[in-house]
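K.L.:
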Amino acid sequence: MSEKPVTLTLDGCVRGARLCLPIMPGTIAFGAVFGTVCAQKGLSLLETVLINSLVFAGASQFVAMELYQAQLTFGIVVAMIGVVAAVNMRMLLIGASLRPWLGHVPGRQTYPALYFLTDINWLISLREYDRGERDWGIYLGSGLFVWVIWSCAVVPGYLAGSQVTDPAKWGLDVILPAYFVALLVPLWKGRRQTLSWFAAGAVALASWYFLGGYWGILTGAVTGALVGAYVDE
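Take 1 as the starting number for the sequence shown in full-length UniProt numbering and just add one per residue.
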């Protein structure tokens, strides 16, 4: 049986956007919290919308804002760039996993489309590809839809930022970890994931305890990757 040709259709884009609807409440809450953080850091609404829409990097935006100060220095800027790169390093592997699908698409289309790559539309795309889908509008439509919602969600969060002096009091600090725990659920497939996730979490926690800062992001990621690579299924 011959392989289905790779296509790009408007119908595929619409279906990709529709598949994102169940996770939109979490995405909106996530983006709104970032708007609140930016307001408390003293950024203007325009600056908040621009950094949120142009960086479009989810968790790493929060990490960068932890380091942000009103009086930026060269060292702070380098540190912000470093932590964003460390958190987003997973995108190298995530992007590579889409090669069986997007590898058949001309580079002039693929590389701009990778700007819209997120954990959400990656999961959706892999699931649909495994089901035999070859319309990469699924990937593009879901990515564009998430970007639009994410870009708009910061506005109400920013406007409410002056009213929220302590995000932890309202439980807003648990949105980020809860969001990523929810993303992990469909990825669990058995022993390999259990061992690698446990090792990554343990090393990240130990790094946070003994080293402080954001070293746990890097040490946990490397540990999880190594354990996952060498565990015999």
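Here a beta-carbon is modelled for each residue, glycine too, at the ideal position from N, C-alpha and C. As the structure is a computational prediction, the values presented were derived from the model and not from experiment.
Pair every Cβ in the region 192-201 with every Cβ in the region 221-232, then say whether three or more of these pairs are closer than 8 Å.
P.N.:
yes
K.L.:
Between ILE51 and ILE149, is the Cβ-Cβ spacing less than 8 Å?
P.N.:
no
K.L.:
Between ALA57 and chain B, is there a C-beta pair that is closer than 8 Å?
P.N.:
Absent from the structure is chain B; it holds one protein chain and no more.
K.L.:
May I ask you to report which of helix, strand or coil DSSP gives THR7?
P.N.:
strand
K.L.:
In terms of residues, what are the limits of the alpha helix (DSSP H) holding LEU72?
P.N.:
No alpha helix (DSSP H) contains LEU72, which DSSP labels as neither H nor E.
K.L.:
Quick one, are the C-beta atoms of GLY228 and GLY141 less than 8 Å apart?
P.N.:
no
K.L.:
Can you check whether the CB of VAL37 is closer than 8 Å to the CB of PHE56?
P.N.:
no
K.L.:
Nearest by alpha-carbon distance to PRO100: which of MET89, GLU128, ALA17, VAL49 is it?
P.N.:
GLU128
K.L.:
Taking all protein chains shown into account, decide if TRP188 is buried (16 or more other Cβ within 10 angstroms of its Cβ) or exposed.
P.N.:
exposed
K.L.:
Taking Cβ positions, are SER97 and VAL83 nearer each other than 8 Å?
P.N.:
no
K.L.:
So the candidates are LEU117, LEU123, VAL154, ILE124; which of them puts its Cα closest to the Cα of LEU144?
P.N.:
Checking every option, the nearest Cα to that of LEU144 belongs to LEU117.
K.L.:
Assign THR194 to one of two classes, buried (16 or more other C-beta atoms within 10 Å of its C-beta) or exposed (fewer than that).
P.N.:
exposed
K.L.:
Can you check which of these residues, TYR158, GLN69, LEU123, CYS152, is closest to LEU19 by C-alpha distance?
P.N.:
LEU123
K.L.:
Quick one, which of VAL185, GLY212, PRO5 has its alpha-carbon nearest VAL105's?
P.N.:
PRO5
K.L.:
On the criterion of 16 or more Cβ atoms from any shown chain inside 10 Å, does ALA64 qualify as buried, or is it exposed?
P.N.:
A residue is called buried when at least 16 other Cβ atoms come within 10 angstroms of its Cβ; ALA64 meets this threshold and is buried.
K.L.:
One question on the structure: do GLY157 and GLY31 come within less than 8 Å of each other, judged by their Cβ atoms?
P.N.:
yes
K.L.:
Near MET91, what residues of its chain come up, given a Cβ to Cβ distance below 7 Å and the 5 sequence neighbours on each side ignored?
P.N.:
LEU117
K.L.:
In or out: THR9 buried (at least 16 other Cβ within 10 Å) or exposed?
P.N.:
exposed
K.L.:
Between the Cα of VAL33 and those of ASP130, ALA79, GLN109, LEU159, spot the shortest distance and give me the residue it belongs to.
P.N.:
Checking every option, the nearest Cα to that of VAL33 belongs to LEU159.
K.L.:
Return the bridge partner residues of ASP119 from the DSSP annotation.
P.N.:
None; ASP119 has no bridge partner.
K.L.:
Can you tell me where the alpha helix (DSSP H) holding ARG108 begins and where it ends?
P.N.:
107-113
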